[in-house]
Each structure stands twice: as structure tokens, then as C-alpha cells.
Amino acid sequence: MLKEHMDYLKEYDKVIVYYDNGQRKLGSILNAIFSIQLSNVEFRKAEPQKYAIKCWKDR
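Every number in the numbering used here is 448 more than the matching position in the sequence shown, counting from 1.
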């Protein structure tokens, strides 16, 4: 699926991949795939607790 979108991703100066490293093996796979396919990739650690959706009861 990523291969289908490579031309689109290559149009950007930088592609940033956010991942929380919840599964080390998956993190390694993502790193390998994106690093091989793109020269403009940057990896950042996602912090889900900062992006939690908060719900309030209707009053």
C-alpha cells in the first residue's frame, strides 16, 4: 500500500512519521521501510496521552 503512494510522499520536503514505539518490531519495520523508500523521512515519538479525546456528558 505504501508503494502506491510513494510519488505523492516524495513531493514533500520532509515526511514525518509518528509512532509511539508500542511494538518494537513494528517500529523497526516502519523505520526500515520508510528509510529505504524515502530520503526525506523523520521519525518522531508520538505521545498518545497528549492527544487523548476527552468526552463530556451532555448536561
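Ideal Cβ positions, reconstructed from N, Cα and C, are used throughout, including at glycine.
Alpha carbon of residue i to alpha carbon of residue j, nearest angstrom
i: S483; j: Q497; result: 27 Å
i: D468; j: S476; result: 12 Å
i: K493; j: Q471; result: 12 Å
i: N488; j: L474; result: 20 Å
i: Y460; j: M454; result: 11 Å
Expected contact under 8 Å - CB spacing of residue i and residue j to nearest Å
i: L478; j: L457; result: About 13 Å separates the two Cβ atoms, so there is no contact after all.
i: E490; j: I464; result: 5 Å
Identified DSSP bridge partners for residue i
i: R492; result: Y466
Top-ranked residue by Cα proximity to residue i, from the options
i: M449; options: R472, I481, E459 and Y460; result: I481
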